[in-house]
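**Q** The structure under discussion is supplied below as structure tokens; questions concerning it will follow.
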Amino acid sequence: MTRPRSLFRKAKDYITYDLVEIIAPRSIPNPPGYVPPRKRSLSEVLQNVYKGTKLYFDSWSQEKIDRHLAEHYGEDYIKEKAEKETSRKEWQELVEGFGDAAKGGGKAMVPFLQNLYTSRAAAYGQALRQFVTGYREGIAEGVPAPQADPTDAAGESQQAVTQPSRVRPGRDSGDSQPETGRDFPRKPVS
Numbered sequence: 016m017t018r019p020r021s022l023f024r025k026a027k028d029y030i031t032y033d034l035v036e037i038i039a040p041r042s043i044p045n046p047p048g049y050v051p052p053r054k055r056s057l058s059e060v061l062q063n064v065y066k067g068t069k070l071y072f073d074s075w076s077q078e079k080i081d082r083h084l085a086e087h088y089g090e091d092y093i094k095e096k097a098e099k100e101t102s103r104k105e106w107q108e109l110v111e112g113f114g115d116a117a118k119g120g121g122k123a124m125v126p127f128l129q130n131l132y133t134s135r136a137a138a139y140g141q142a143l144r145q146f147v148t149g150y151r152e153g154i155a156e157g158v159p160a161p162q163a164d165p166t167d168a169a170g171e172s173q174q175a176v177t178q179p180s181r182v183r184p185g186r187d188s189g190d191s192q193p194e195t196g197r198d199f200p201r202k203p204v205s
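Just so we're aligned, residue 16 is where the sequence shown starts under the numbering used here, counting upward by one.
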């Protein structure tokens, strides 16, 4: 017969080890060399909670966030924020102008939309011109200029000569189409 002490020990082991594994099983055992994190004291836990809550409440203040980001990212962040602010103000002015023009009715919208179209079209056209000039400069830098062939007396490089396409027989030269290589017998046109 089992003694009560051994029954108590088995029940205690079951509750402390096996029941925990049944309720919340571990997916896989820890890898070899794993060092579990040390237990933190109450003062360390309270310090972490204090730091976390302080950072959380600081995140509600835009000035503190801006100061923090400016420290980390420097002048680039400040310039980027100023550009975003000006573009946001321009957008707000545009929306307000649209609202005012919409209140005036369809006839009041015409000058507003014409102004909007001309200003945006001018901006897009200027941006496109800048892109094209930059693209041409990039191509000029990337592709070396062709050098003259030393055997060519005129100093011009020879270009590949393309063969002209053949004209199908039975057609006049005004409607010439390149020959496909197949001549099908044609039915006489009646």
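Even glycine gets a Cβ: it sits at the ideal position worked out from N, Cα and C.
Which stretch, first to last residue, makes up the alpha helix (DSSP H) that contains residue 24?
**A** That run of the alpha helix (DSSP H) goes 19-28.
**Q** Quick check: the Cα distance between residue 29 and residue 76, rounded to an integer number of angstroms?
**A** Rounded to the nearest angstrom, the two C-alpha atoms are 52 angstroms apart.
**Q** Would you grab the beta carbon distance between residue 136 and residue 127 for me? Rounded to a whole angstrom, and I think it's under 8 angstroms.
**A** That belief does not hold up - the Cβ atoms of residue 136 and residue 127 are roughly 15 angstroms apart, past 8 angstroms.
**Q** How far does the alpha helix (DSSP H) with residue 151 in it reach, from first residue to last?
**A** Start and end: 121-157.
**Q** Looking at the structure shown, is residue 106 part of a helix, part of a strand, or coil, going by DSSP?
**A** In the structure shown, residue 106 sits in a helix (DSSP, three-state: H, G or I).
**Q** Since residue 65 is in the alpha helix (DSSP H), which residue starts that stretch and which ends it?
**A** Start and end: 57-73.
**Q** At the level of alpha carbons, what is the spacing between residue 158 and residue 144?
**A** So the alpha carbons of these two residues sit roughly 21 angstroms apart.
**Q** Going by the beta-carbon positions, is the gap between residue 73 and residue 66 smaller than 8 angstroms?
**A** Going by C-beta atoms, residue 73 is not nearer than 8 angstroms to residue 66.
**Q** Given this structure, state the Cα-to-Cα distance separating residue 94 from residue 38, to the nearest angstrom.
**A** Those two C-alpha atoms are separated by around 55 angstroms.
**Q** Specify the secondary structure class of residue 80 as computed by DSSP and reduced to three states.
**A** Residue 80 falls in the helix class under three-state DSSP.
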